[in-house]
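Its first residue numbered 368, the sequence shown is counted upward by one per residue in the working numbering. The C-beta atom is built at its ideal place from N, Cα and C for all residues, glycine as well. The structure appears below as C-alpha cells.
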Amino acid sequence: MSEGEELFAADLIGRRLLRVTTACHHHADDEPSLLHLWLHLEGLGPVLFHTPSTGLSLRIDQPHEPYSMEQYGSVVVVEDSPALSVTRFIGEPVRSVREISYRDARVDFVAGLTLQFPGGSIRLLAFEDELVLAHDQHLGPVESHLREDVILARVQTSGRFPSQWDAWTTGGQYLYLRYRHGEGTVEQHPSEDTDTWDGEESRLWTKWNDGTDGGHIELTDFLALAGLRLASDAEISCG
C-alpha cells in the first residue's frame, strides 16, 4: 500500500492492530475532541480514519506532528493513550468490519464502522467533521437513526460439509456464511446466484480462524463469532 491510498473497509479484515495514534483538538475550556485516528495495522501501516465532510474515509497516511489551527485550537498527537479504550485491542486481528448507516427523513449515508476484534468491538462514527468513538456510550437521539444490518430474517442451510449457509438480513442483504478448515467467513453478495459474485457489490464482511482446522460448527456458535444474530421471527430452513 502506498501513502495516500484510499482503502475499503474489507482491507482491514484479518490485520493485527499494532499501535494507535490520535489527534485531538483542544480549544479554550472545551473538552478535547477526536479529530483524527490512526490504527497501525500489520501489513498495511498507519490507516487514517477521518471525516472529510460527511461520513468516514480511510487511507494510508503517516501521523503528523502536533500543530495549531485557528479553527481547532491546539491539536495534540498521542500514541497508545491508555485513556483511549481502543488500545485494549492492540495485538488482536480485526475480525470484521461493518458499515453503520445514518437514516432519517432527509438523508441516508454511511456514518461510520463497527470493527470487531476477538476481545470486543468499537464503533467509529463521523459527524460534522469530528470522529466519535461510541462503542461504550449511548449517543442519545442520534441512536434511533443508526442502522447496522446484522439481524438475519432468513437462513437456509445446505446440510453439506463444511458448514455453510445462505442468509438474508432484515434489510434484504444476501450473505454467504461458511466455516472451513477452522476459518469462518461472511461474504456480502447481490444474491445467492454465484454469477453475481464478481462485481463491486461483493465484499468480505467477516473472517476469523479458531485454529482447529474443523469443518463443522453450529449456526448459533457461528453467528456469535461473526457478530450476527437472528430476528425473533427468523425463518430457518434446509435447502
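Taking C-beta separations shorter than 6 Å and ignoring five residues to either side along the sequence, the partners of residue 524 in its chain run 532, 605, following chain order.
If you draw a straight line from the Cα of residue 485 to the Cα of residue 551, it comes to about 13 Å. The Cβ-Cβ distance between residue 408 and residue 428 does not fall below 8 Å. Residue pairing by DSSP puts residue 489 in a beta bridge opposite 482.
Going by C-alpha positions, residue 471 is about 6 Å away from residue 512. Within a 10 Å sphere around the beta-carbon of residue 474 sit fewer than 16 other beta-carbons, which makes this residue exposed. Around the beta carbon of residue 463, 16 or more other beta carbons sit within 10 angstroms, so the residue counts as buried.
Here the alpha carbon of residue 559 sits roughly 23 Å from the alpha carbon of residue 378.
When only Cα atoms are considered, residue 570 and residue 554 end up about 6 Å apart. The alpha carbon of residue 384 has as its nearest neighbour, out of 410, 402, 400, the alpha carbon of 410.
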